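Be aware that the sequence shown starts at 1, since it is given in the UniProt record's numbering, and climbs by one per residue. By construction, the Cβ of each residue, glycine as well, lies at the ideal position given by its N, Cα and C atoms. Being a predicted model, the structure only gives us computed values, none of them experimental. First comes the structure, then the notes that go with it.
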Amino acid sequence: MAKKPPPAVIGVLTEPAPPTWWRAHRHQVLLIVGIFLGWQLCGASSGAADHDQYGPARPAHSATPSATPSTTSKENHR
């Protein structure tokens, strides 16, 4: 029986190069950018100057209210 020759060496495996700073930290950078953009969209640009803690500002009434009758409509229909 003939002995098989050892397998031929095609390439040599080496340890991969360490990742770049961006590749190692991109998930953290994107998380911070996402939180900042969410804060900008939801909080800072919601028109905070237009309303206070009691809700949105209401426009001032331009027309004066009409005079109210001294009797109610129930009394008028007797």
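Rounded to whole angstroms, what's the CA-CA distance from Q28 to L37? Just pull it up for me.
14 Å
With a threshold of 7 Å on Cβ separation, who are the neighbours of P16 within its own chain once the five nearest residues in sequence on each side are excluded?
none
Same chain only: Cβ atoms within 6 Å of P19, ignoring 5 sequence neighbours per side:
none
Cα separation between L31 and G11?
39 Å
By the three-class DSSP mapping on this structure, what secondary structure does I32 have?
helix
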